[in-house]
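Residue numbers (the working numbering): 638 to 759. Data first, discussion second: the structure below is written as structure tokens.
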Amino acid sequence: DFLLGMIDVRGSGYPIVDLRTKLGLPSIAATEATRIIILDVPMKDRLVGVGFVADCVFEVTDIDEQAIEPIPEVGGKWQSDYAAGIGRKGENFVVIFDLARLMANDKIPEDRDAGADAPRAA
């Protein structure tokens, strides 16, 4: 299952989601580079803070809407149902996830109301 549990951050509880499992990828053991990223996810009529386990984080940055390109049709087994586009940051590319679509049919525990409107994250 993709729901790993809950984490307390400064007195607020957040559900923790295994992003690999959610995307249909095999789970791997945590390493020193493994991080939990807390993001505000649109769920129903409000935002909910959710922690996503990531293999590693290189940078947290803003990407201009003009720098987001459609997902290329490459075929194969890559699960792109949850991708909103490909972001370009200099010479690098990052997948921009549609968090609302990623978590649309899931029920996760809620302990905190999120304050900012942020429907996408890289």
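By construction, the Cβ of each residue, glycine as well, lies at the ideal position given by its N, Cα and C atoms. The model shown is predicted, which means the values in this text are computed figures rather than measured ones.
With 16 other Cβ atoms within 10 Å as the buried cut-off, status of residue i
i, result
"Val-694", "exposed"
"Ile-733", "buried"
"Gly-648", "exposed"
"Gly-722", "buried"
"Asn-742", "exposed"
"Asp-677", "buried"
Whole-Å CB distance - residue i paired with residue j, under 8 angstroms assumed
i, j, result
"Ile-653", "Leu-641", "4 angstroms"
is_contact[residue i, chain E] using C-beta, thresh 8 angstroms
i, result
"Gly-642", "You won't find chain E in this structure, because it holds only one protein chain."
Beta-carbon proximity check, residue i vs residue j, cutoff 8 angstroms
i, j, result
"Gln-725", "Glu-702", "It is Arg, not Gln, that sits at residue 725 in the sequence shown. Not in contact: Arg-725 and Glu-702 (Cβ atoms no closer than 8 angstroms)."
"Ala-691", "Leu-660", "no"
Separation of residue j from residue i, as counted between CA atoms
i, j, result
"Asp-718", "Leu-739", "8 angstroms"
Cut-off 6 angstroms between Cβ atoms - residues of its own chain near residue i, not counting five sequence neighbours on either side
i, result
"Phe-730", "Ile-723"
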